[in-house]
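Undergrad: Numbering (my numbering), first residue to last: 20 to 164.
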Amino acid sequence: MYRLIYKSKSNQKIEWQTIENILHASEKGNQEHEISGLLLSTNTHFLQIIEGKYEDVNDVFMKIAKDERHSEIQLICFEVIDARLFTSWGMRGIGVFNFNKEIEKMLMDKYGEEEQSVRFPLEAWRVLSMVDDIHMVQKLPSWKS
20 MYRLIYKSKS NQKIEWQTIE NILHASEKGN QEHEISGLLL STNTHFLQII
70 EGKYEDVNDV FMKIAKDERH SEIQLICFEV IDARLFTSWG MRGIGVFNFN
120 KEIEKMLMDK YGEEEQSVRF PLEAWRVLSM VDDIHMVQKL PSWKS
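(1) Quick check: the stretch 32-41 against the stretch 91-101, are at least 3 beta-carbon pairs closer than 8 Å?
(2) Using the Cβ count rule (16 or more neighbours within 10 Å means buried), how would you classify S90?
(3) Buried or exposed for P160, please, with buried defined as at least 16 other CB atoms from any protein chain shown within 10 angstroms of its CB.
(4) Using the beta-carbon count (16 or more within 10 Å), is K163 buried or exposed?
(5) Give me the residue from G56, E87, L57 and E39 with the minimum Cα distance to S29.
(6) Going by other Cβ atoms of all chains shown within 10 Å of its Cβ, with 16 needed for buried, is N40 buried or exposed?
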């Protein structure tokens, strides 16, 4: 089992509909290949965690890397994991811009600011810490059994 995390810059302003379109377009393939994970976004950046078998995660990332909706792709990690973090869903999307100002400020205070929104970290442990923080404040479904 593998986990890949990357960050990228959107070539246009990201709105909730953008995230829904991405998730909908990838839903069937993700289910067929047992891909799970999380797609986070601000108005300007994406951060995605992808979990699954090596070949499947690699194939998904190669397709993502060719997507013209984003650029400046930064691979944060591609590593072996003992177990999935996201066991109760396939791929979920979260728009940080949908958070209330108090939560957004808390995340900016802890992780920094980039283009007037939350800065997505470039270290895997900090990404997972951010995801845990979001999980706590957003009351998301449980993800590690």
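All C-beta atoms in this analysis are idealised placements derived from N, C-alpha and C, irrespective of residue type, glycine included.
TA: This is what the structure holds:
(1) Under the Cβ criterion (8 Å, minimum of three pairs), the stretch 91-101 does not count as touching the stretch 32-41.
(2) Burial call: exposed.
(3) Because P160 carries a pLDDT of 47, less than 50, the predicted location of this residue cannot be relied on, and the following value inherits that uncertainty. By the 10 Å Cβ count, P160 comes out exposed.
(4) Here K163 scores only 45 on pLDDT, less than 50, and its place in the model is too uncertain to base an answer on.
(5) Among G56, E87, L57 and E39, the Cα nearest to that of S29 belongs to E87.
(6) With fewer than 16 other Cβ atoms within 10 Å, it is exposed.
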